[in-house]
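Just below is one structure, and these are the notes that go with it.
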Amino acid sequence: MLDIKYLRNNRDEANQRLIDRNVEDGVLDKLLADDEKRRSLIRKAEQLKAKRNQVSDQIGAAKRAKDNSAAQKAISDMQTVAGQIKDLDKQLSAIEESVHTQAAHLPNLADPRVPVGPDDSYNVEQRKWQPTDLQGRPAAFSKTPTWLKAHFEIGEDLGILDFQRGVKVSGARFLYYVGAGARLERAVYNFMLDEHRREGYTELLTPYMVTNESMYATGQFPKFVDDAYEVGKNQSMTMIPTAEVALVNWRRDEVLDESELPLYITALSPAFRQEAGAAGKDTRGLIRLHQFNKVEMVKFTKPEDSYNELEKMTVDAENILQKLELPYHVIRLSTGDMGFGSAMTYDLEVWFPTQDKYREISSVSNDEDFQARRGHIQYRDSKTGKLRFVHTLNGSGLAVGRTVAAILENYQNEDGTITIPEVLRPYFGEDKISKENAR
RNA sequence: GGAGACAUGGCAGAGUGGUAAUGCAGCGGACUCGAAAUCCGCCGAACCGAUGUAGAAUCGGCGCCGGGGUUCGAAUCCCCGUGUCUCCUCCA
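Oh and the first sequence: position 92 is 314 in our numbering, straight run, nothing missing.
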């Protein structure tokens with residue numbers, strides 16, 4: 223949620239920044255016109271209410287003085303006023319709802335350092351990384367050996383990924399991991415969680431279904447209802463599309479103690495997404511599923527610390543890829559490509575040799591006070607004694623399924639086996655996946 | 001799932017139709033060399049509007065779990081929710 227006072231007082235600047243976020247010109251004008259109507263109604267209603275309070279006081283006094291005729295006169299006067307107030311309040315709640323709905327559909331404003339542009343072609347690469355010694359594995363943008371198989375091919379050949387039966391049981395974009403596949407997934411997320419714990423994140427195990435209020439606070443609702451799976455007879459609950467929802471809402475409607483900040487939390491969870499609008503894209507493999515595992519990081523920080531913390535969180539996500547020795551690059555998303563609530567986002571993209579390109583594996587964002595406003599997450603500033611909204615940050619660390627896919631592609635050998643990355647061996651227990659140990 | 005009780009400021013706790021007692025804590029002051037004790041004063045958080053301004057301040061609205069209703073007027077009466085606790089039921 224944007225600060226309506228900022229929009230009101232910096233109209234032209236705000237309008238341009240909204241246009242940069244692909245909001246149609248004129249949307250802000252309509253909102254501010256309705257806001258003016260709203261305030262004018264408030265003024266009228268409050269005047270009458272002040273009068274009512276005054277006269278009611280007099281009625282009480284008159285009754286106590288047994289002056290019934292004076293009381294009766296005032297009461298009949300106030301009957302008219304009460305009707306007017308009721309009418310104004312009715313109009314007011316209608317316009318308030320309209321203003322709120324319009325405001326709730328506005329995305330966060332981008333930080334001035336974010337490249338301006340309508341789509342992903344305006345994203346800017348920040349840095350790229352690959353291990354100095356790849357030990358024979360494919361390097362980014364090198365000539366790919368012809369025997370290399372896509373992750374879903376080698377997964378099926380080894381019998382560790384079962385897409386067909388996933389489709390049978392649940393439909394398209396679902397799968398079973400089998401044997402070494404399931405164990406590899408588990409090794410990967412255990413490794414990630416341990417790394418984050420070492421970096422100072424507290425591990426949480428969260429609800430996977432949340433209320434609409436929670437979906438609203440993190441910005442998924444009302445605009446992106448169609449992307450979510452709602453459950454229950456009256457659809458009052460939603461399957462989380464990311465652990466971010468459960469993690470940020472953990473402290474919703476609270477005033478945090480200043481000494482808690484910055485607060486780092488992390489969780490593994492499945493993420494459920496309808497993938498509306500992605501029809502036909504990435505139809506094979508682990509890249510785009512209706513249900514996938516993800517380790518998520520969330521921070522609550524003071525406003526002045528949030529961009530520094532954003533850099534650190536990005537490094538925390540990069541650390542996972544570096545320890546897994548997977549080539550990747552970091553890009554800064556443009557104003558048109560960022561998520562709804564974000565003021566600045568870095569995406570990490572990992573190298574997929576058979577696709578000859580980088581694919582997104584993590585997205586790290588500073589939402590500033592956008593979610594904190596919606597979810598009322600504050601802290602009391604000890605210097606001023608005032609309440610301030612915290613800044614919230616979220617980042618994948620990392621998408622687990624895509625990490626497994628990247629390992630299968632980057633670590634496969636010509637004989638059809640998979641070498642297990644060094645850091646995963648204590649978790650996986652073996653150094654290779656072959657047909658012999660696939661179960 | 002069934003039954004009952006409860007929900008008021010940071011905390012405790014009155015208030016059953018006339019506009020939120022009181023105590024503790026907190027803040028400011030007096031007394032004191034200083035502190036304690038004592039005394040005096042202030043004090044519900046958030047939110048909204050107006051004047052004003054970049055620090056506020058002043059006035060008003062709102063405000064007793066949330067939402068409706070009755071009334072000139074609701075913490076109080078009525079209806080619908082939510083949460084907590086206790087008992088029963090059920091279960092991993």
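In this text, a Cβ means the ideal position worked out from N, Cα and C, and glycines have one as well. Remember, it's a predicted structure, so these values are computed and weren't measured experimentally.
Are residue i and residue j touching if we call contact CB-CB under 7 Å?
i, j, result
"F494", "M459", "no"
"T567", "S584", "no"
"V520", "N616", "yes"
"L397", "G388", "yes"
"M223", "R610", "no"
"L508", "A627", "yes"
"S604", "E480", "yes"
"L555", "N345", "yes"
"F574", "E631", "yes"
"T557", "V338", "yes"
"Y580", "H598", "no"
"V303", "R265", "no"
"Y486", "V622", "no"
"L478", "Y601", "yes"
"F650", "I640", "no"
"K445", "H327", "yes"
"K524", "L469", "no"
"S320", "D256", "yes"
"Q634", "I376", "yes"
"S491", "A450", "no"
For a test of the three-state rule: what should DSSP assign to residue i, helix, strand or coil?
i, result
"F592", "helix"
"Q352", "coil"
"V338", "coil"
"M560", "coil"
"I317", "helix"
"T536", "helix"
"A489", "strand"
"Y580", "strand"
"A621", "strand"
"Y601", "strand"
"D569", "strand"
"K524", "coil"
"H512", "coil"
"R405", "helix"
"Q634", "strand"
"Y423", "coil"
Count the other CB atoms within 10 Å of the CB of residue i; is the residue buried (16 or more) or exposed (fewer)?
i, result
"H613", "buried"
"N330", "buried"
"Q352", "buried"
"A500", "exposed"
"Q301", "exposed"
"G502", "exposed"
"S618", "buried"
"R395", "buried"
"E417", "buried"
"N530", "exposed"
"A565", "buried"
"T505", "exposed"
"E407", "buried"
"Q386", "exposed"
"Q280", "exposed"
"G441", "buried"
Taking just the CA atoms, how far does residue j sit from residue i?
i, j, result
"W369", "P360", "12 Å"
"M437", "D589", "15 Å"
"I317", "V249", "16 Å"
"D342", "G358", "32 Å"
"D309", "R474", "34 Å"
"L240", "D234", "10 Å"
"E347", "G454", "43 Å"
"D289", "Q276", "17 Å"
"E258", "D251", "11 Å"
"Q324", "L314", "15 Å"
"A666", "D384", "The structure shown does not extend to residue 666, since the chain is modelled only from 223 to 661, so the question has no answer here."
"L356", "F363", "13 Å"
"D242", "A439", "23 Å"
"A236", "A267", "30 Å"
"L270", "S298", "15 Å"
"V203", "K608", "Because the chain spans 223 through 661 in this model, residue 203 falls outside it and cannot be assessed."
"E497", "G561", "15 Å"
"A539", "K390", "35 Å"
"V447", "D379", "38 Å"
I want to know whether the stretch 543 to 558 touches the stretch 504 to 519 - three or more CB-CB distances under 8 Å.
no
Do the stretch 224 to 234 and the stretch 544 to 559 make contact, defined as three or more Cβ pairs closer than 8 Å?
no
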